[in-house]
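The structure appears right after this line, and notes come after that.
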Amino acid sequence: MLKGIAASQGVAVAKVYKLEQPVLDIQKVEVTDLEAEKAKIERAFAKTVEDIEKIKETAAGHLAAEELAIYDAHLMMAQDPEFKSQILDEIENSKENAEYAAQTVASNMVSMFENMDDSYFKERAADIKDVSFRLLCNLTGKTIPNLATLDSPVIIVAKDLTPSDTGSLNKEFAKGFATEMGGRTSHSAIMARSLEIPAVVGVKDLMANVKSGDTVVLDAIAGEVIVNPDEKTIAEYKAKGAAYEKEKEELKSFKDQPSVSTDGHKVLIVGNIGSPADVQAVRDNGGEGVGLFRTEFLYMKSEDDFPNEDTQFAAYKEVLEAMQGKPVVIRTLDIGGDKKLKYYQFAEEMNPFLGVRAIRFCLQRKDIFRTQLRALLRASAYGHLCIMFPMIATVNEFKEAKQCYEDARAELIKEGVKVGDDVEVGCMIEIPAAAVLADQLAKYADFFSIGTNDLIQYSMAADRMSQSVSYLYQPLSPSILRLIKMTIDGAHKHGHWCGMCGEMAGDELAAPVLLGLGLDEFSMSATSMLRARRMINGLSYAEMQKLADKALEMDTMEEVSDLIKSAIGK
Ligand code: PEP
Ligand code: MG
Numbered sequence: 012m013l014k015g016i017a018a019s020q021g022v023a024v025a026k027v028y029k030l031e032q033p034v035l036d037i038q039k040v041e042v043t044d045l046e047a048e049k050a051k052i053e054r055a056f057a058k059t060v061e062d063i064e065k066i067k068e069t070a071a072g073h074l075a076a077e078e079l080a081i082y083d084a085h086l087m088m089a090q091d092p093e094f095k096s097q098i099l100d101e102i103e104n105s106k107e108n109a110e111y112a113a114q115t116v117a118s119n120m121v122s123m124f125e126n127m128d129d130s131y132f133k134e135r136a137a138d139i140k141d142v143s144f145r146l147l148c149n150l151t152g153k154t155i156p157n158l159a160t161l162d163s164p165v166i167i168v169a170k171d172l173t174p175s176d177t178g179s180l181n182k183e184f185a186k187g188f189a190t191e192m193g194g195r196t197s198h199s200a201i202m203a204r205s206l207e208i209p210a211v212v213g214v215k216d217l218m219a220n221v222k223s224g225d226t227v228v229l230d231a232i233a234g235e236v237i238v239n240p241d242e243k244t245i246a247e248y249k250a251k252g253a254a255y256e257k258e259k260e261e262l263k264s265f266k267d268q269p270s271v272s273t274d275g276h277k278v279l280i281v282g283n284i285g286s287p288a289d290v291q292a293v294r295d296n297g298g299e300g301v302g303l304f305r306t307e308f309l310y311m312k313s314e315d316d317f318p319n320e321d322t323q324f325a326a327y328k329e330v331l332e333a334m335q336g337k338p339v340v341i342r343t344l345d346i347g348g349d350k351k352l353k354y355y356q357f358a359e360e361m362n363p364f365l366g367v368r369a370i371r372f373c374l375q376r377k378d379i380f381r382t383q384l385r386a387l388l389r390a391s392a393y394g395h396l397c398i399m400f401p402m403i404a405t406v407n408e409f410k411e412a413k414q415c416y417e418d419a420r421a422e423l424i425k426e427g428v429k430v431g432d433d434v435e436v437g438c439m440i441e442i443p444a445a446a447v448l449a450d451q452l453a454k455y456a457d458f459f460s461i462g463t464n465d466l467i468q469y470s471m472a473a474d475r476m477s478q479s480v481s482y483l484y485q486p487l488s489p490s491i492l493r494l495i496k497m498t499i500d501g502a503h504k505h506g507h508w509c510g511m512c513g514e515m516a517g518d519e520l521a522a523p524v525l526l527g528l529g530l531d532e533f534s535m536s537a538t539s540m541l542r543a544r545r546m547i548n549g550l551s552y553a554e555m556q557k558l559a560d561k562a563l564e565m566d567t568m569e570e571v572s573d574l575i576k577s578a579i580g581k
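Per the numbering used here, the sequence shown starts with residue 12, numbered consecutively.
Quick look at the structure:
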């Protein structure tokens, strides 16, 4: 069995179509007839434009306008007079063959884009690679396999899939794909979700272990590829796929419904994201907002320095605009602990998880904090922004962070920059000291969001990364539930709302007791949202309040778990 990342959920069983791209071996040759080389370039560009137009035509049948825009961008590149004239100049100046000149100009252009700060331009490098590969194939007479010509059901296995490949996919025959490269937010993963076909990406050693004609099971729920399974295994996975599809249909009916208990108590089900690209999944799954944007990924992706104000502004604005006025909770930088940066050396500490992490780092490096707060405030004009500070332990820390926010706001207003007037400034509750003092903290914060991943780690004194103490990760322990209750009650006492953005919020077994404790907002991964809504919409708030009261008086998490299971009939 080969392991990868489930990029688009589902299960498929079919024969393998192994996609192997032509290998280009272009050597430099000195030429005398420069005009003949230039003519080759003209012909290759014309053919490339023709190819992309055909792909766009095929893709138009099954992709939404948003995704089709990528082919317009490809067409623009293939028709870019500057790109072509650079190649023609290279032929003229270096007296070399058309193929080599085109390869040189294209690879310079790709590395120029790859090295740009702006994430939008960085991503464009993949498009330039795609277009220039097609151009080079047309120059060298090589054929790029065309997935539009598939005529029997297959699972595509490839090192990577380019936008041209995914655009040519015909859902009737392409039952799914597995790739060696890529992550959840790579282009091919996004396309797979949009096409709603199962995909497993980032599968190590895939190409070496699979050949055309093999039968594979693609389990894009668990992120696994099983090569040449026996009949019994095939039957098991087909059943798993069928059950998944049936549930998916059922869940779809919850997409545009409010999250409301049977006796009319309303909550919000919102999504956790790590980058603007994740917003689509939140919207597709009926998210009523974003409950946690982990901004550290912006910082970790950056190669050589902290991302500047403009880069951050663009990312925050994109998320706020995409959520169209729905609340978007953006967490300020949570770095340190296990999260490192390529361009910054953290001081050595005995216990990094108890050291200079998150808000502690930002309060020590107010210059870095200020850049982020300015970017956030500038973006606040484009939607409903809620900013929250991670790892607050004391009232003074919160007040100091809030002061930095007020300073950045005053500065921008003085500069005449527009900022939103409904920004909420909240506090993450993930340290027991903060949970215990929640009623005091709530005097200063507009809302709370409980980070149970850390709250449990710090309450149980059990490293969240350690397998050997993982038995102490006990969200349903009465001790944790009491801390959660203190937090929610503290917020409500001052008329504020309280959310949760740790993994516990998306745990189906925890939902009944969290509802009963009065949690207002549940933030989780996009794929858990519809299940959570189905659960909430089937529960009585009054009943769950009674259940929560009982749970708080129990001794162990096992007892709480049994209580919930019997209440929801599991
Ligand atoms: C948490 O601690 O629950 C949380 C949401 O933050 P992170 O997992 O990013 O530490
Ligand atoms: Mg945390």
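Beta carbons are placed, not taken as given, at the ideal position from N, Cα and C, and that holds for glycine.
Quantities reported herein were computed from a predicted structural model and do not represent experimental measurements.
Query, Result
"Does the beta-carbon distance from L374 to E422 come in below 8 angstroms?", "no"
"What three-state label does DSSP hand S118 in the structure shown?", "helix"
"In its own chain, which residues sit with a C-beta less than 6 angstroms from the C-beta of V434, not counting the 5 before and 5 after it?", "S391, L396"
"CA-CA distance, V227 and R542?", "29 angstroms"
"Do the stretch 138-149 and the stretch 173-184 touch if we need at least three Cβ pairs shorter than 8 angstroms?", "yes"
"Is the distance from the Cβ of H505 to the Cβ of K454 below 8 angstroms?", "yes"
"Locate the beta strand (DSSP E) running through L303, then write down its first and last residues.", "301-305"
"Is T463 near the ligand PEP, judged by its Cβ being under 7 angstroms from some heavy atom?", "yes"
"Taking a contact to mean a Cβ-Cβ separation below 8 angstroms, would you say Q20 touches I232 in this structure?", "yes"
"Determine whether the beta carbon atoms of G394 and G336 lie at a separation below 8 angstroms.", "yes"
"Tell whether a beta-carbon distance below 8 angstroms holds between R166 and F188.", "The question names Arg, but residue 166 in the sequence shown is Ile. Yes, Cβ-Cβ distance for I166 and F188 is below 8 angstroms."
"On the premise that F304 lies in contact with I341, defined as a C-beta separation below 8 angstroms, what is that separation, rounded to the nearest angstrom?", "4 angstroms"
"Where does N407 sit, in a helix, a strand or coil, going by DSSP?", "helix"
"Three Cβ pairs or more, each shorter than 8 angstroms: is that satisfied between the stretch 279-292 and the stretch 549-557?", "no"
"Any chance you could list the alpha helix (DSSP H) runs of at least 4 consecutive residues sitting entirely within the stretch 174-234, in chain order?", "174-179, 198-206, 217-220"
"I'd like to know if the stretch 359-375 and the stretch 309-318 are in contact, where contact means that at least 3 CB-CB pairs between them fall below 8 angstroms.", "no"
"Quick check: the stretch 100-118 against the stretch 24-38, are at least 3 beta-carbon pairs closer than 8 angstroms?", "yes"
"For the ligand MG, is there a heavy atom less than 7 angstroms away from the beta-carbon of V401?", "The displayed chain sequence assigns Pro, not Val, to residue 401. P401: yes, Cβ under 7 angstroms from the ligand MG."
"Rounded to whole angstroms, how far is the Cβ of V589 from the Cβ of G252, which I believe are closer than 8 angstroms?", "Given that the chain is displayed from residue 12 to residue 581, the structure contains no residue 589 and the question cannot be resolved."
"Suppose you measure from the CA of A210 to the CA of A445; what does that come to, to the nearest Å?", "42 angstroms"
"Helix, strand or coil, according to DSSP, for A582 in the structure here?", "This structure cannot settle anything about residue 582, because the visible part of the chain is limited to 12 through 581."
"Kindly list the residues whose CB is nearer than 8 angstroms to the CB of L574, restricted to its own chain and excluding five residues on each side of it in sequence; keep chain order.", "L558, K561, A562, M565"
"Measuring only the C-alpha atoms, how far is K215 from L13?", "7 angstroms"
"Starting from R342, trace the beta strand (DSSP E) in both directions and tell me its first and last residue.", "338-342"
"So N283 packs on C509, CB below 8 angstroms; how close in whole Å?", "16 angstroms between Cβ atoms; not a contact."
"For my contact list, S286 and F308 are in at a C-beta cut-off of 8 angstroms; report their separation, rounded to the angstrom.", "6 angstroms"
"Just the C-alpha distance for S577 and M127, rounded to the nearest angstrom, thanks.", "56 angstroms"
"Contact defined as beta carbons within less than 8 angstroms: I believe A185 pairs with I208. What is the distance between those atoms, to the nearest angstrom?", "6 angstroms"
"For a test of your reading of the model: does the CB of D345 fall under 7 angstroms from any non-hydrogen atom of the ligand MG? Yes or no.", "yes"
"Counting only runs that start and end within the stretch 416-492, where is the beta strand (DSSP E) found for 3 or more residues in a row?", "435-440, 458-461"
"Taking the straight line between their C-alpha atoms, what separation do you get for P489 and K182?", "49 angstroms"
"L396 bridges to which residues according to DSSP?", "V339"
"Closest to D432 by CA distance: which of R389, A412, A449, T382 is it?", "R389"
"V60 and A89 look like a contact to me (Cβ under 8 angstroms); what is the Cβ gap, rounded to whole Å?", "5 angstroms"
"Mind checking whether the beta-carbon of E53 lies closer than 7 angstroms to any heavy atom of the ligand PEP?", "no"
"Assign V165 to one of three DSSP states: helix, strand, or coil.", "strand"
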